[in-house]
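Chains as they are written, first to last, in the numbering used here: chain A, 1 to 676; chain B, 1001 to 1505.
From the three backbone atoms N, C-alpha and C, an ideal C-beta is built for every residue, glycine too.
Fair warning: this is a prediction, and the values are worked out from it, not measured in the lab.
Inspection log for the structure reproduced underneath, given as structure tokens.
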Amino acid sequence: MSNHQLFNNRELSWLSFNKRVVLQAKDDNVPLLEKLKFLAISSSNLDEFFMVRVGGLVDHVAAGYIEKDLSGRTSSQQLEEISEECHNLTTIQSEIYYDLKQQCAKDKIYIEAEIEENFEWIESLFYEVIYPVISPVTLGPANPFPFLANLRLCILVKIKQNGKVYDSLILVPELLERVYKLEKNGKSYYYTVEQIIINFLSTIYKGYEIIDNFVFRITRNADLSLHDEEVEDLLILIEKYLDKRKKSNPVRLEVNKPLPQDLKMKFNDIFDITDSHIYELNHPLDLGFLFNIKENNKKYYYPEFNRWLPQEVKDRDLFDYLKTKDLILYRPYHDFGLISDFVRQATDDPNVLSIKMTLYRANENSNIINSLANAAKKGKHVCVIIELKARFDEERNVEWAKRLENAGCIVTYGFMDLKVHAKALLIVRKEKGKIQRYVHMSTGNYNEKTARLYTDIDYLTTDKQIAEETVNLFNYLMGYSDIYKWRLSENTEQKVTTAPNSLREKLLELIDEEIKNVKKGKEGHIIAKINSLYDKELTLKLYEASSAGVKIELIVRGICSLKPQVKGLSENIMVKSIVGRFLEHPRVLYFLSSGSHRVFISTADWMVRNLDRRVELLIEIEDKKSKKFLQQLLRDNLKDRAKSWYMNDDKYFKINNNTGYNYQEAYISGTSEHLK
Amino acid sequence: MKNGIFAIINVGASALRMQISEFTDYKERTLEYLIKPLKLGRDTFSKGYITLDNVHNATEILRNFSDKFREYNIKGNYKAICTSSVRDAENKHFFIDHVRIQTGINLEIIDETDELFIKSLGVRNDIKNFQKMEEKGLLFVNLASGNIGLNVIKKDLRLFSAALPFGSLRICELFKDVNEDLKYRAYEQYINKLQHHIETTCKRIDSIKYLVGSGSSINLIIEVMKPSQFSIDKHSIKKLYDKTKRLTTDEIAEQLNINSYYAEILKPTLYVYLSLMDLVKTDVIYFSKQSFPHQLILYYAKNIKEKNLNRKFISNIKNYALRYETDEKHANQVAKFSKKIFNKLKPLHSLKTKDLLILEAAALLHDAGYFIGINNHQEHSYYIAHAFSMPGFDSETIDTISIIVLLHRDKHHLTFDPRFTSLPIEKKLLIRKLIALLKIADALDASHMQLIKDIDINTNSDGITVTAKAFKKPFFEEIVFYRKNRDFLEIYGIPINFKLDLLNV
């Protein structure tokens, strides 16, 4: 087997994940409007994919970069295959869209409803709201084709007057709603803005004959420097060619119906885009508009549920509790409010000397941020490390930073060249004259909003070693100290491992230990629950472990460079992906380790960027109860059938067709006792 | 140290470090350890001063460190210590002042002897067999970036003690313009000079069996060689040195996977150790991983002390006096009588134990000056005493001893010598009290013949009587006694008289 055949391609693997998201909309157990959301999510995911990933590959081709990726594909080969996959995906999206549209209609929810039914309302809407802001441009020598902004919805109208045919362009103004809703007689009617405009073309072009119209939009190569999280690997490769890069050139053209040949050629020319990047859709553009389909009836949504609070911490002072025991929580089944409350409690506690935390992405009106600001106002020593490079969140991040600084917090912004992805909170308290430290580490952000949508582990402890290593971590992040003395003594293994310092080595060591054990005739077993795996070294190491006879079970939500179940390569590796109601986000690792059952939580995905260019954490959990909890969690993940996709080579398939044990539902309903 | 939090800042030649410790019932718990690399030594050792850029960089780091004072509410409970890179910098006062104004941190410069003492004290507490090694003879080396500190110890004696400009970074800076391929030869030549220097200054170096290392160089050795024990053998060091001596800094950094600073100082560091191992004829070097800030914190929080320090001090003084061929019997006799008088008259003079130590040392050294010349021997004794140094004893104590030595003769009138008159009143009083006692003791062996075997001291209504026990009448002693007892009357206000008690043969 050639080296290249050992790995899956990153982009195709991601597309395959996005397909699993779309197919959620076909699961009968998913409530109707949630299905629409999945379709909308898949569509906006795809937009970003084109802007960033495809954009990056287009840059490669433009820069003349011809090296192959892990899977042995050149950038132009990848673009071809992406095009093919995306065309297939849009067919699936269309199919699902019309199916869901029909299902909605049965429930008297009309999407792209008939105009005639509410003509009067629409007519006034058009005249009052839409028409005044529309300015069509008829193209000609005096009016060349204007610059079209990224993802801007446009309508090209073919009009005729005095036997002469003209092309005219309507740029749908962004200030207009994408969807207009009318509720009448227990029915809901949803109209897209382009639907209304097209209906009134003859009004807009008075005196002209309307021959045809096309709704289209251009996806442009994003300004990559702003989106570097997803594309930095591509950027690094072509750094030296960057000056040759054409900025923001079109990478995709979507149009709502087949284009006649002449128009296609015109578009080829205008946008410098080949046919393979033109997507002639059979459904409305930008299905993201489906986020706007909102009904009051709760039956269309996932049922609300009560979040659990472990019995033992109910009505207990958390400081007291943590002095003797660790606490592990699993969002969103457990209430993340406990963590927000803990920070608030620390703020009000006169014995607390300092609070330190990392903030990567926080929500608006975050209780945690309010607490931090209050703590500083009360004279506590508050240090916050804000990661300004968190994608798309820059503006919001700068805003908090200012708020916190004004309140008297010490705010630092991490490193120039390393993104801080670690999530940690340290509370230092003086108890009976002695310093006592409380540590919270998590696989997810301190974000109260996403804490309801993503699954993540929260771990609280006063373990001396973890606390000490967390102190070092903060001193490092604050720029007070270099990494030093992570190991307390020769005989103590680090409990908190960091990337880019030593996390990769640690993972390799752990896998190696399993290999060694198997070679000695013992059992070897690895379970890893991660978001993505795209790393040559780790993939090869896992193949090596599989060949040696280590049993490997990987629960990888998204991208996976590893090909499982390949004879002579990875027979002992099982890969599954769980795509369900909540976005699976925690990283939990298990190693049999000669029967000592070592368990870790981590912020790091197994990708080059995370292991080599991020500050990430890997924490060994030694507390018995917490270990048991995490092992149970992994078992439940492995047991899941309803939402699990199994991978063979590079293909994913479902075993029970959406039925069987659904671990997310079981956790919601509380049938899993260990949550309580 | 009472219960509480104490911090140490150490401004070193290659990094600034901070340690914060909590003390509970004399137990130390390290709360935080910070380290920020900054090569102040590179400035000082090559330019002679700290560049303005680095003054600012250091200030910035120290400003961050001072955040920690606020976090733990440390206030004045800290020591901020600078070693050679500041000590040897021409602009040290500006540096210290700038840091104080900008950060509120008061930096202090520690002198070489104290630095070495604190380090050896720390290592002694950390290495189990240190005392056994001391018994058999040990060379303690503190190889840091700026200086090398050396202590040759055998039993209680310090045979040699010095801080010399052979720090690893300093050596690199000295030869920075030498061709990269030939650098190792320049280093070797220079370091051989160190070996020669020790050999010629410390004759008894052959009797030394053990080598113990400390200082930042040990961290480097540990990182590169990863020893499993607290020792490394000569063979491994030699092998590594031979492997790396012809490599460039970049090649070393790459091959050994260490930072460029460590790569740069590797060669001189290894060669210094090799050279010292040759000198001591040992195949192994022992070390402690204790950091200097940790040692400092234990020292300043008074959690470590040298055991039997006073006894060792006296042994070292005796040994020192012998180097100047002092009349050992006389010196011991005067010391013995001084002690006896001091102890008997405690209610009268109300002096402290440390003052007895000063008196005893002065008694042992008062005639050392005869080695130089018989005339004005007190002047010679003075500078011999003044040149004595021992880690753990501050220079003020040594000054007091030397003044007493200077003034032990009647000839020298106290009120005129500026070395005495410039002292503060309390000091003058202490010295006069001690001199009065020393003069009596000295008189009691004025002939240097030890005619008086022992003395008794009694107090009665007429004053104090010293009863001298002798086999024959000590004529000269009695005369000198009455010549030298005026000081006693002046300072204590009580007459002191001589009485003979003839012993039976």
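The beta strand (DSSP E) with residue i in it runs from where to where?
i: L460 of chain A; result: Y454 to T461
i: I578 of chain A; result: I573 to I578
i: G1149 of chain B; result: I1148 to K1154
i: F383 of chain A; result: The question names Phe, but residue 383 of chain A in the sequence shown is Cys. From DSSP, the beta strand (DSSP E) with C383 of chain A extends over H381 to I386.
i: C1082 of chain B; result: Y1078 to C1082
i: L1139 of chain B; result: L1138 to L1143
i: Y652 of chain A; result: K651 to F653
At which residues does the alpha helix (DSSP H) containing residue i begin and terminate?
i: G55 of chain A; result: G55 to A63
i: Y1271 of chain B; result: S1260 to V1280
i: M265 of chain A; result: Q261 to F271
i: R1432 of chain B; result: I1425 to A1443
i: T1380 of chain B; result: Here the sequence assigns His to residue 1380 of chain B, which means Thr is not the residue at that position. Start and end: H1377 to H1386.
i: T358 of chain A; result: It is not in any alpha helix (DSSP H) - T358 of chain A instead sits in the beta strand (DSSP E) that spans V352 to L359.
i: A375 of chain A; result: N367 to K377
i: L33 of chain A; result: L32 to F49
i: S532 of chain A; result: S532 of chain A -> no alpha helix (DSSP H), and no H or E assigned at all.
DSSP state of residue i, grouped into three classes?
i: K19 of chain A; result: helix
i: K246 of chain A; result: Confidence in K246 of chain A is poor, its pLDDT being 45 and thus under 50, which makes the residue's placement too unreliable to answer from.
i: G163 of chain A; result: coil
i: Q1019 of chain B; result: strand
i: S1461 of chain B; result: coil
i: G288 of chain A; result: helix
i: R391 of chain A; result: At R391 of chain A the pLDDT is 49, less than 50, meaning the model places this residue with poor confidence and gives no usable figure here.
i: I1009 of chain B; result: strand
i: T497 of chain A; result: strand
i: P1037 of chain B; result: strand
i: T443 of chain A; result: coil
i: H227 of chain A; result: The predicted position of H227 of chain A is uncertain, since its pLDDT is 48 and thus under 50; a value taken from the coordinates is nonetheless stated next. Correct three-state label for H227 of chain A: helix.
i: Y646 of chain A; result: strand
i: H1448 of chain B; result: coil
i: K187 of chain A; result: strand
i: N610 of chain A; result: helix
i: Q1295 of chain B; result: helix
i: N213 of chain A; result: strand
i: V615 of chain A; result: strand
Using a 10 Å radius around the Cβ and a threshold of 16 neighbouring Cβ atoms, would you call residue i buried or exposed?
i: N1319 of chain B; result: exposed
i: N221 of chain A; result: buried
i: P146 of chain A; result: exposed
i: I427 of chain A; result: buried
i: T90 of chain A; result: buried
i: E1360 of chain B; result: buried
i: L1522 of chain B; result: This structure cannot settle anything about residue 1522 of chain B, because the visible part of chain B is limited to 1001 through 1505.
i: Y476 of chain A; result: buried
i: A113 of chain A; result: buried
i: E677 of chain A; result: One cannot answer for residue 677 of chain A here, as it falls past the ends of chain A, which runs 1 to 676.
i: I1403 of chain B; result: buried
i: R487 of chain A; result: Its pLDDT being 41, under 50, R487 of chain A is placed unreliably in this model, and the value from its coordinates should be taken loosely. Label assigned to R487 of chain A: exposed.
Could you check whether the Cβ of residue i sits closer than 8 Å to any heavy atom belonging to the ligand NAD?
i: G479 of chain A; result: For the ligand NAD, the structure offers nothing, since it holds no ligand at all.
request  = Output, in sequence order along the chain, the residues in the stretch 433-463 of chain A whose CB is closer than 8 Å to any CB in chain B.
outcome  = For the stretch 433-463 of chain A, which is checked against every Cβ of chain B, the residues closer than 8 Å are G433, K434 and I435.
Contacting positions in the stretch 1060-1084 of chain B - beta carbon closer than 9 Å to chain A = Result list: I1061, N1064, F1065, D1067, K1068, R1070, E1071, Y1072 and N1073.
task = Just list the alpha helix (DSSP H) runs in the stretch 1174-1246 of chain B, keeping only unbroken ones of 4 residues or longer that don't cross its boundaries, in chain order.
result = Complete alpha helix (DSSP H) runs here, min 4: 1183-1201, 1216-1225 and 1234-1244.
request  = Report the residues of the stretch 351-363 of chain A with a CB closer than 8 Å to any CB of chain B, ordered along the chain.
outcome  = Of all residues in the stretch 351-363 of chain A, L353 and S354 have a Cβ within less than 8 Å of some Cβ in chain B.
inquiry  = For the stretch 1031-1063 of chain B, list every residue whose C-beta sits within 9 Å of some C-beta in chain A, in sequence order.
reply    = Near chain A, meaning a CB-to-CB distance below 9 Å, the residues of the stretch 1031-1063 of chain B are L1031, E1032, Y1033, L1034, I1035, K1036, P1037 and I1061.
task = Could you list the residues in the stretch 1015-1030 of chain B with a C-beta less than 7 Å from some C-beta on chain A, going in chain order?
result = E1022 and T1024: these are the residues of the stretch 1015-1030 of chain B whose beta carbon lies less than 7 Å from some beta carbon of chain A, given in chain order.
request  = Return the chain-ordered ranges of every alpha helix (DSSP H) run that is complete within the stretch 1045-1093 of chain B and spans a minimum of 4 residues.
outcome  = Note on the stretch 1045-1093 of chain B: whole alpha helix (DSSP H) runs with a minimum of 4 residues are 1052-1072 and 1084-1087, in chain order.
key: Where the stretch 530-553 of chain A meets chain B: residues whose CB sits under 8 Å from a CB there   = Listed in sequence order: no entries.
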